[in-house]
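Visitor:
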Amino acid sequence: MTADVMDQNTGAGEPLAADEIRAMRERIDEIDQAIIDLWLERARLSQTVGKTRMASGGTRLVLSREREIVERFRQALGADGAQVALMILRAGRGPL
1 MTADVMDQNT GAGEPLAADE IRAMRERIDE IDQAIIDLWL ERARLSQTVG KTRMASGGTR
61 LVLSREREIV ERFRQALGAD GAQVALMILR AGRGPL
């Protein structure tokens, strides 16, 4: 393929590159699904923890635990990691 005849799905100019891109995208799709599945599992577990804690007379939130999680994500992923952690926490406990 020349630059004038690029693969419409991958944007690659050569068949071999297009094949490589398709294979990598398949793996990305698998990883995305694993992330979605883990996100949902984590949210369910977090909701159960919150319900159990409140049913036993505890608080709705444990802010020190949330700070630990945000910090762990920030250290692993940088500034965006903190935002990811906040979204994950919200999925498990709902908005504040």
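Counting along the sequence shown from 1, when you hit position 45 you're at 45 in UniProt numbering, and nothing is skipped either side.
The C-beta atom is built at its ideal place from N, Cα and C for all residues, glycine as well.
Going by the CB atoms, is the gap between F73 and V62 shorter than 8 Å?
Guide: Going by C-beta atoms, V62 is not nearer than 8 Å to F73.
Visitor: Could you tell me the distance, in whole angstroms, from the CA atom of T48 to the CA atom of L38?
Guide: So the alpha carbons of these two residues sit roughly 15 Å apart.
Visitor: Under 8 Å, do T10 and A23 count as touching if we go by C-beta distance?
Guide: Not in contact: T10 and A23 (Cβ atoms no closer than 8 Å).
Visitor: Excluding sequence positions up to five away, which residues of its chain have a Cβ less than 7 Å from the Cβ of R60?
Guide: Answer for R60: G50 and M54, listed in chain order.
Visitor: Comparing C-alpha positions only, which one of R67, S56, G81 and R42 sits nearest to G92?
Guide: Minimum Cα distance to G92 is reached at R42.
Visitor: Go ahead and pull the three-state DSSP assignment for L61.
Guide: Looking at L61 - three-state DSSP - the assignment turns out to be coil, as it is neither helix nor strand.
Visitor: Starting from G50 and walking both ways along the alpha helix (DSSP H), at which residues does that stretch end?
Guide: P15 to A55 is the extent of the alpha helix (DSSP H) around G50.
Visitor: Should L89 go down as buried or exposed, given a rule of 16 or more other Cβ atoms within 10 Å for buried?
Guide: Answer is buried; the Cβ neighbour count reaches 16.
Visitor: How would you write the range of the alpha helix (DSSP H) that Q83 sits in, first residue to last?
Guide: Counting along the chain, the alpha helix (DSSP H) containing Q83 begins and ends at A79 to R93.
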